[in-house]
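Visitor:
6 protein chains.
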Amino acid sequence: MSALAALLPLLALDRLPRTGWLLAGIPAPESVAAHSLGTALVALALGPRVRPALDVEHAVALAVVHDVPEALLTDLPRRAAALLPAGAKAEAERRAAEELLRPLAPEALALFHELAARETRAARFVRLCDQLHLGLRWLGYLREGARGLAEFRPGLAALACDEFAPCRELRDEILAAAGELERPRA
Amino acid sequence: MSALAALLPLLALDRLPRTGWLLAGIPAPESVAAHSLGTALVALALGPRVRPALDVEHAVALAVVHDVPEALLTDLPRRAAALLPAGAKAEAERRAAEELLRPLAPEALALFHELAARETRAARFVRLCDQLHLGLRWLGYLREGARGLAEFRPGLAALACDEFAPCRELRDEILAAAGELERPRA
Amino acid sequence: MSALAALLPLLALDRLPRTGWLLAGIPAPESVAAHSLGTALVALALGPRVRPALDVEHAVALAVVHDVPEALLTDLPRRAAALLPAGAKAEAERRAAEELLRPLAPEALALFHELAARETRAARFVRLCDQLHLGLRWLGYLREGARGLAEFRPGLAALACDEFAPCRELRDEILAAAGELERPRA
Amino acid sequence: MSALAALLPLLALDRLPRTGWLLAGIPAPESVAAHSLGTALVALALGPRVRPALDVEHAVALAVVHDVPEALLTDLPRRAAALLPAGAKAEAERRAAEELLRPLAPEALALFHELAARETRAARFVRLCDQLHLGLRWLGYLREGARGLAEFRPGLAALACDEFAPCRELRDEILAAAGELERPRA
Amino acid sequence: MSALAALLPLLALDRLPRTGWLLAGIPAPESVAAHSLGTALVALALGPRVRPALDVEHAVALAVVHDVPEALLTDLPRRAAALLPAGAKAEAERRAAEELLRPLAPEALALFHELAARETRAARFVRLCDQLHLGLRWLGYLREGARGLAEFRPGLAALACDEFAPCRELRDEILAAAGELERPRA
Amino acid sequence: MSALAALLPLLALDRLPRTGWLLAGIPAPESVAAHSLGTALVALALGPRVRPALDVEHAVALAVVHDVPEALLTDLPRRAAALLPAGAKAEAERRAAEELLRPLAPEALALFHELAARETRAARFVRLCDQLHLGLRWLGYLREGARGLAEFRPGLAALACDEFAPCRELRDEILAAAGELERPRA
């Protein structure tokens, strides 16, 4: 497939909103594409601090592809995924990844599979960066005056960060900063 | 459950965009709630013209609930649903309907089930009104200058309208009007 | 008039914002269409609880048409209507209803007239549902962090709900929930 | 009244969209405030070219206040105003002007009255600038790909510009430029 | 140059957001055009109160042109301007003013130069009105629930208003009103 | 500096629009963050096809940082940069990169410097990917009905792609597809 034919469907990532924020009442939430870029920046910030060392650029590449399937699947929020059969969302992502990333480059599809398998440190690290970017955005919206976002706190607090101290530190910083804001209640 | 607790989750319908239009590049597509209201208005317009007579107000009520499950599931476009197992979307809608409509009113849940079963004339009529409203919006966006919406034409042309002459007439009118616009190509 | 010609002007309901929220600073308020759908859902939720019994589907149909005139008149906020001669807004609505609903279906226009006359229980019930949906949206925006919406409270508190206990109960629930939020002052 | 109390209600002009464009499907039309600024710039561009000479700065000031009443009344499109009694819109504007501009500065209210009376050359000139800015925006939207805006052409073509040659010239330029675009039909 | 060719580039002022608010998280900040109109209204409100008397309409005209250069330069926030060489932004504004305002009318360019030179009372007055409108908008956003806008307070507090008592009074009113809101911390 | 303090300013990339499209009338253009993600995806698609081989993941990392300076500088369109002294924009980007990327990770700043120096193949390749993503977005907007975007064509046609055949091929594909659309004139 031509590069153009492979790339055009990915323009959708600019359009699709991060649905969780939309449902929480944020008027103009960031796009799926913006979230992916943010995840890559988190990987770039924390990656060099990880011990033992990670291949940071490899982590950045994993971050760049991690939500590409949403160009077909859209960003299904937690409550939506909960209505699907067990494993249906993950399988749908796999199919979407196949459809979108194989024509793009076999390397791109391999990145996605590595992320899905969670077997490498880089994959587990980037999956945390994904959640940490959500936490960063959460803090950002809280600082701008959004309320009623308490539902996002437990997931952040429960993130299993022990394998990567820089991730745990960032998560703790985010929770502390959120706690200092004047809105303890939803 | 209190009426308030049952009604608050439905505010999401105001927020969720009709995803197909979003992916097609329409900058600010109508919400799922607006589409449901439009479907109800199509039912109100065509219902009295149907022979033998329908209970038009019953059809209107069916239209009002038809996309309520999307408050949890979001509006999954065709290509997203195609990635899920056969029947998974319909089952997810059923579960969402149960979760959202049972607390609202048993009558509301019954309306949804009637629609899903397609066994009554009113249900089949309203399912057509749903597609006809999509066709109306399609024509509206084309008239405003949107291009690249050719993918929506085949579904409209293939709509099985024979049971309801007013539906077929409106569908034919929409297609004719779209054909007259100056953009025959995507 | 063809159904298409009657339906196309109603697409405007998707576009027109609920002006009161716009003026109060809500960045992307729901559309008139979304409000109408919400009013119909309130009718569906409360209607079955009303004693003596109401024809709930008839109430839902009343809700669906109640703001159709705004497709021509737009959603005039309170302060705007106050600048017009006594009765001018109601008369303008009547004219708009005539222009928009008669071609749609005589049944639709009859629904509007019933609502305007306030002589039936269903009409008075739906007029309350309209205000209750406004109250629900108000609470939703407050929960999301909006401030400066105190002007909407008195109208909700003063709603004459005595004829319909479920309406009074929902109104009281909304006020209580709003009171519990951390922003007692405008 | 304090200047703050007089100025705060005018922030609404930033929020209120130019409704005609909204109804015509323009996704994010300019605000009433932006239109007023544009009208003032048209006055500044054409004013110096008018013979006999006008007090251009006086014309600019007239333009700045001309839509202030919409902060209360909103921007009623033509079809909405047509539903009101003869003179009701003008009277509402007068009342809104009184309520908004008197506390601002007596000079501001005097500007509005001069504009409404149409007795001075400057007032008639600025009323044309208002319509010419609408024409400029129309051309801008057409150049960006909007369609279905043919309804705005007749009013522009019929503008009585003879008293001010620069106005007629600009109007003619706009119509010619619009005619050259590839969308002759709505 | 024709008036049309001179005016078309200024339509950009409707589109460009006031970037400071965008960066501060305001979802749909007012446009540069709306801010200019607001500045002109501040001049109209305070001008008549200034002693010795100002030519208020001349001040309004200065306000109308003050941000026209942004149609080419965009609204550079403080932190962006700080990255440019000393004087680069002012020079860029001068060049943009030359390019945009000379074809519009020599009078318009003269207004801009007067403002940039700060040598007349009217120019210094309007430069304060510009900042006061920013303060008004700041207060408006705070009243609507925005947080994290503390960075805008010091500039307002430090405004050198002594030459114009009405400016100082408005600035003090704004700060007092902001102080009364429930969000003392960023 | 803590990772949180380094990452929070980068949330601005989600907010800042790609200004060129805003000025060209696209109602809701993609954000700078979305463009960066898109550039990274172009690098991922074309990188593996480049001969001699590139370190594709290194190219992806270069793409991820390439517009980070805009979080302070904003996205200055061509006409704005043209008003600044020669080299001022590049120097401002360098300063912004220093301020934003050094605290993030020294690796991140090194990536930026590599890109700015254009001395490596990867850097030249990614600078082309940046322009190719703009071309992709241009084609996307044209396909959706936008007009008046002819100004973007010459830059794309003149792109010096000879060093990287896959870049030239994609550029040629984009131009061919744009040529086939029905809007040959601005």
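Protein chains in written order, with the numbering used here: chain Y, 1 to 186; chain H, 187 to 372; chain B, 373 to 558; chain Z, 559 to 744; chain D, 745 to 930; chain P, 931 to 1116.
All C-beta atoms, glycine included, are put in the ideal place defined by N, C-alpha and C.
Using a Cβ-Cβ distance under 8 Å, would residue 331 of chain H count as near chain Z?
Guide: yes
Visitor: Strictly below 7 Å CB to CB, what residues from chain Z border residue 467 of chain B?
Guide: 641
Visitor: If you follow the alpha helix (DSSP H) that residue 916 of chain D is part of, which residue opens it and which one closes it?
Guide: 909-924
Visitor: Run the CB neighbour count on residue 348 of chain H, radius 10 Å, all protein chains shown included, and call it buried at 16 or more, exposed below.
Guide: exposed
Visitor: What is the DSSP secondary structure of residue 661 of chain Z, reduced to helix, strand or coil?
Guide: coil
Visitor: Please report whether the beta-carbon of residue 27 of chain Y lies at a distance below 8 Å from any beta-carbon of chain B.
Guide: Closer than 8 Å: yes.
Visitor: What ranges does the alpha helix (DSSP H) occupy inside the stretch 425-483 of chain B, keeping only unbroken runs of at least 4 residues that lie completely in it?
Guide: 428-437, 442-445, 450-453, 460-476
Visitor: Residues of chain Y with CB closer than 8 Å to the CB of residue 892 of chain D, please, in chain order.
Guide: 143, 144, 145
Visitor: With 8 Å as the threshold, decide whether the Cβ of residue 580 of chain Z is near any Cβ in chain B.
Guide: yes
Visitor: Can you pull the chain Z residues whose beta carbon is under 7 Å from the beta carbon of residue 445 of chain B, in chain order?
Guide: Listed along the chain, the chain Z residues whose CB falls inside 7 Å of the CB of residue 445 of chain B are 638, 641.
Visitor: Does the beta carbon of residue 759 of chain D come closer than 8 Å to any beta carbon on chain P?
Guide: yes
Visitor: Should the stretch 839-848 of chain D be called in touch with the stretch 761-768 of chain D, which here means at least 3 C-beta pairs below 8 Å?
Guide: The stretch 839-848 of chain D vs the stretch 761-768 of chain D: no contact.
Visitor: Is the number of C-beta pairs between the stretch 34-50 of chain Y and the stretch 82-91 of chain Y that are closer than 8 Å three or more?
Guide: no
Visitor: Spatial neighbours of residue 936 of chain P within its chain, please: C-beta separation below 6 Å, excluding the five flanking residues on both sides.
Guide: 1033, 1034
Visitor: Could you tell me which uninterrupted alpha helix (DSSP H) segments, each at least 4 residues in length, are contained entirely in the stretch 675-710 of chain Z, listed from first to last along the chain?
Guide: 679-701
Visitor: Which residue comes first and which comes last in the alpha helix (DSSP H) that contains residue 392 of chain B?
Guide: 391-395
Visitor: Would DSSP call residue 2 of chain Y helix, strand or coil?
Guide: coil
Visitor: Can you list the residues of chain H that residue 19 of chain Y reaches, using a CB-CB cut of under 9 Å?
Guide: 202, 260
Visitor: Please list, in chain order, the residues of the stretch 1087-1104 of chain P that have any C-beta partner in chain D closer than 7 Å.
Guide: none
Visitor: Only counting the same chain, and skipping five residues up and downstream in sequence, which positions put a Cβ closer than 8 Å to that of residue 397 of chain B?
Guide: Listed in chain order, the non-local C-beta contacts of residue 397 of chain B below 8 Å within the same chain comprise 518, 520, local neighbours out to five positions each way being set aside.
Visitor: Roughly how many angstroms separate the alpha carbons of residue 169 of chain Y and residue 934 of chain P, rounded to a whole number?
Guide: 9 Å
Visitor: Please report the distance separating the alpha-carbon of residue 1103 of chain P from that of residue 449 of chain B.
Guide: So the alpha carbons of these two residues sit roughly 52 Å apart.
Visitor: Please confirm whether residue 832 of chain D has its beta-carbon closer than 8 Å to some beta-carbon of chain P.
Guide: yes
Visitor: How about residue 512 of chain B: is its C-beta nearer than 8 Å to some C-beta of chain Y?
Guide: Interface residue, yes.
Visitor: Give me the Cα-Cα distance between residue 171 of chain Y and residue 524 of chain B, rounded to the nearest whole angstrom.
Guide: 39 Å
Visitor: By Cβ distance, which residues of its chain are closer than 6 Å to residue 1067 of chain P, with the 5 residues on each side in sequence left out?
Guide: none
Visitor: Buried or exposed: residue 871 of chain D, going by 16 or more other Cβ atoms within 10 Å of its Cβ?
Guide: buried
Visitor: Is the shortest distance between the beta-carbon of residue 263 of chain H and the beta-carbons of chain Y less than 8 Å?
Guide: yes
Visitor: For residue 479 of chain B, go through chain H and note every residue whose CB falls closer than 9 Å to its CB, in chain order.
Guide: Within 9 Å Cβ-Cβ: 230, 233, 234, 242, 243.
Visitor: Return the CA-CA distance between residue 261 of chain H and residue 12 of chain Y, expressed in angstroms with no decimal places.
Guide: 15 Å
Visitor: For residue 1067 of chain P and chain Y, any beta-carbon pair shorter than 8 Å?
Guide: yes
Visitor: Counting only beta-carbon atoms, is residue 1046 of chain P nearer than 8 Å to chain D?
Guide: no
Visitor: Just curious, the alpha helix (DSSP H) that residue 586 of chain Z is in, first and last residue?
Guide: Neither: residue 586 of chain Z is in no alpha helix (DSSP H) and is coded neither H nor E.
Visitor: In terms of alpha-carbon separation, which member of B:513, B:536, B:549, B:394 lies closest to residue 493 of chain B?
Guide: B:536
Visitor: DSSP three-state call for residue 786 of chain D: helix, strand or coil?
Guide: helix
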